[in-house]
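Everything in the sequence shown is counted per the numbering used here, starting at 749 for the first residue and increasing by one. Comments concern the structure below.
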Amino acid sequence: MLKRLVVCLFTLGSLLLAHSARAAIMFAFSSGGIVFPTDPVNCPDPFAGCSLTAVGNATAVAGNINPLPGPWNFTATFAIVQPLSPTTFRTTGTFAFDDPSPANNDFSGLLDGVLDATTFSNAMTYSVTSGAGLFAAGRGIGSSVIQIFPQGEGEPFGFIERGQFAIPEPGTLALLGLGLAGLAATRKRKQ
C-alpha cells in the first residue's frame, strides 16, 4: 500500500511539474515600430480587406533561457477581414521574430485577433508554428496586445507590444511523459 502511495505521489508531482514548466519570454520593442499598408499603391485601405504590415525591433527582457539572444527583427502582416461590430474588426495574419545573428534563433507563427477601431488596440492571439536555434522545439499558444497609435498627419501608425510570448520548454514534454509513465506503471501493478 505504501509503495502505491509513493508511486501515485511521484506521478502527481511529475504531472504538476510538467504543467508549470514553461519558459515565458517577454519581448519589449526597444524602438517601438511602425504599421503601414502592405501595398499602399494598389490597396491602401485596411478596412477594405487590404493587409497591414508591422515592423519593429524586439529585445527579450525576461525569461529563463540565459543569455537571451536578440535583438530580433519583428515583422507581422495582418488583414482586417471581418467586422464584428460597428467598432471592432477581426484581424488574421502571420508574425516572425528573425534573429540577425549567426545563431539564427528565429520563430514564427499565426495571428488571430480583434482590432478596436476606437482605441486602436489590437488584441492578438498567436500560435508559434516553427522555430530554429534555441526555439527549434518551441510551440505554443498565447496572447499579446499591440497598441497601435497615430503618430501624426501623413505618418505611418506606431505600435507598442504589451503582451507576452510564452515558449514551452522542451523539458515540459519529458516531464509529462514521466508522469504518464508513472500512471501506466501504477495501473499495470494494479492488474
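Glycine residues also receive a C-beta, built at the ideal position from the N, C-alpha and C atoms.
Counting only runs of 3+ residues, the beta strand (DSSP E) found wholly inside the stretch 840-878 occupies 855-864, in chain order. Within the DSSP secondary-structure output, residue 826 pairs in a beta bridge with 800 and 841. Here residue 842 is near residue 859, since their CB atoms are less than 9 Å apart. Taken through DSSP and simplified to helix, strand or coil, residue 785 comes out as strand. Separation of residue 885 and residue 852 (C-alpha to C-alpha, rounded to the nearest whole angstrom) is 14 Å.
Per the C-alpha coordinates, the member of 818, 798 and 862 positioned closest to residue 804 is 818. For the pair residue 807 and residue 799, the Cα-to-Cα distance works out to about 25 Å.
Using a Cβ distance threshold of 9 Å, residue 894 and residue 802 count as a contacting pair.
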